[in-house]
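Asks:
Numbering (UniProt numbering), first residue to last: 1 to 196.
In structure tokens, the structure reads:
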């Protein structure tokens, strides 16, 4: 019987496809119902927000808000922060996923705060995400990079990291709710994405 080698070829192909699939998954992630959210920005800079399926994966959603970090810190001190991101529904872009929209109007606790832009996570941003990777939940400060303007830096880099529950209402609406373990006190943060 000479048909025995055939399954070997198929198993080699299968294992090659499996390896390819695994290597691809490191670079692309779709989000599930529980995600990691990281909010960060230099004290005198703007806020960046990343949602990751897993801390080792690139963000599935990464935006830069026009909101100054100092303003958001003041809002967080009140204990309750609602960030609403609105984008336009365009007929020529049917089929585009909500998380792929490039430009958002931003509201923080009902006040208009300019626009947010979807970005790729660059080396500097990835460095921040790697620095806070071991942290499952918390807030803190990382030292400034020292490569800012004439004063030498944009100040310290502030961050907040937590698990979020993702709730998808429709293809045009979803929300991320920060999960406080055991109902512990602390700031409450919700992010709403709406296509109108």
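Ideal placement from N, C-alpha and C gives every residue a C-beta, glycine not left out. All of these numbers come straight from a predicted model, not from anything done at the bench.
Compare the beta carbon distance of residue 118 and residue 63 with 8 Å and say whether it is the shorter of the two.
Replies: Yes, these two residues count as a Cβ contact at 8 Å.
Asks: Give the range of the alpha helix (DSSP H) segment to which residue 128 is assigned.
Replies: First-last of the alpha helix (DSSP H) with residue 128: 123–131.
Asks: Between which two residues does the beta strand (DSSP E) containing residue 170 stretch?
Replies: Counting along the chain, the beta strand (DSSP E) containing residue 170 begins and ends at 157–170.
Asks: Between 120, 52, 190, which lies nearest to residue 101 when the distance is taken from Cα to Cα?
Replies: The shortest Cα separation from residue 101 among 120, 52, 190 belongs to 120.
Asks: Any idea which residues DSSP pairs residue 135 with across the strands?
Replies: DSSP, once it has assigned bridges, lists no residue as partnering residue 135.
Asks: Report the three-state DSSP secondary structure of residue 190 (helix, strand or coil).
Replies: Three-state result, residue 190: strand.
Asks: Among 134, 108, 173, 168, which residue has its Cα nearest to the Cα of residue 72?
Replies: Residue 108 is the option with its Cα nearest to residue 72.
Asks: Given that a residue counts as buried once 16 or more other Cβ atoms are within 10 Å of its Cβ, and exposed if not, what is residue 88?
Replies: Classification for residue 88: exposed.
Asks: Mapping the DSSP letters down to three states, classify residue 173 as helix, strand or coil.
Replies: Strand at residue 173.
Asks: Under the rule that 16 or more other beta-carbon atoms within 10 Å means buried, what is residue 52, buried or exposed?
Replies: Result: buried.
Asks: If I measure Cβ to Cβ from residue 111 and keep anything under 6 Å in the same chain, skipping five residues before and after, which residues do I get?
Replies: Closer than 6 Å at Cβ, skipping near neighbours: no residue.
Asks: Give the C-beta separation of residue 69 and residue 43 to the nearest angstrom, bearing in mind that I take them to be a contact with Cβ-Cβ under 8 Å.
Replies: That pair is a contact at about 6 Å.
Asks: Could you pull out every residue in the same chain whose Cβ sits closer than 6 Å to the Cβ of residue 139, ignoring the five residues on either side in sequence?
Replies: Cβ within range, chain order: 160.
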